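Contents: one structure, followed by commentary.
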Ligand SMILES: [Ca+2]
């Protein structure tokens, strides 16, 4: 039986010296790190559509998905934007009201570095809910929120007017001290439809998954 592999191995003098020589650069690195920390760029989070937690309907209900009414959700495309599409109409009908009563919510939790600034870029587009005009549709709004605070908002009659085509949405967020995660939310606001027949509809909005840059 060969016992040599079972004998305890202690470093001889040469090995110890070599080890001490190797340790010197490590000491230098530790001393230098506080100076480097001030200029370190935080690792930028990369979000995939699959990281978002599906979606929920709050407030009043929505017309069932499918058919001409379409289907909400991620991994969809609309008018040149791939991402989340909010197309389902409000189940409520109120000819004179533009007050949103139905909400579609999708969100994602993002790890962040306290004190860092994150810049978000999102593609957005609006579409008339009824063919090529707004004669019988009601607008749709959307808010992009971080931890419940609005960072950007749009609607299908101004900055997401369908004729504008895909728009680039940008905003920056400074992470407060002590905050290590943020919740990014797309919150779609949908008023009652203007009429209860096949002509009555809500407009549609698509937003892409964001890309994030850091500084
Ligand atoms: Ca719609």
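In the working numbering, the protein residues as written are 91 to 305.
Glycine included, C-beta positions come from ideal geometry on N, C-alpha and C.
These numbers were taken from a predicted model, which means no experiment stands behind them.
>> For ligand 1, is there any heavy atom lying closer than 7 angstroms to the beta carbon of residue 219?
In response: Residue 219 Cβ: within cutoff of ligand 1.
> From which residue to which residue does the beta strand (DSSP E) around residue 316 run?
Replying inline: For residue 316 there is no data in the structure shown, the boundaries of the chain being 91 and 305.
> In whole angstroms, what is the alpha-carbon distance linking residue 147 and residue 207?
Replying inline: When rounded, the distance between both Cα atoms is 31 angstroms.
>> Going by the DSSP bridge assignment, what does residue 214 pair with across the sheet?
In response: In the DSSP output, where bridge partners are listed per residue, residue 214 has 257, 297.
>> On the DSSP bridge list, what partners appear for residue 148?
In response: DSSP lists 193 as partners of residue 148.
> Sorry if obvious, but does the Cβ on residue 179 come closer than 7 angstroms to a heavy atom of ligand 1?
Replying inline: Yes.
>> In the DSSP output, which residue or residues are listed as bridge partners for residue 272?
In response: Within the DSSP bridge table, the entry for residue 272 names 200 as partners.
> From residue 111 to residue 201, what distance separates their C-alpha atoms?
Replying inline: With a pLDDT of only 41 at residue 111, under the threshold of 50, the placement of this residue in the model should not be trusted, and no figure is reported.
>> How far does the beta strand (DSSP E) with residue 136 in it extend, from its first residue to its last?
In response: Bounds of any beta strand (DSSP E) do not take in residue 136, whose DSSP letter is neither H nor E.
>> Just list the residues that DSSP pairs residue 265 with in beta bridges.
In response: DSSP lists no bridge partner for residue 265.
> Taking C-alpha atoms, which residue in 272, 209, 191 lies nearest to residue 260?
Replying inline: Distance check between residue 260 and each of 272, 209, 191 places 209 closest, using alpha-carbon atoms only.
> Quick one: is the Cβ of residue 158 within less than 7 angstroms of any heavy atom of ligand 1?
Replying inline: No; taking the cut-off as 7 angstroms, the Cβ of residue 158 has no heavy atom of ligand 1 nearer than that.
>> Just list the residues that DSSP pairs residue 175 with in beta bridges.
In response: Here residue 175 is bridged, per DSSP, to 163, 296.
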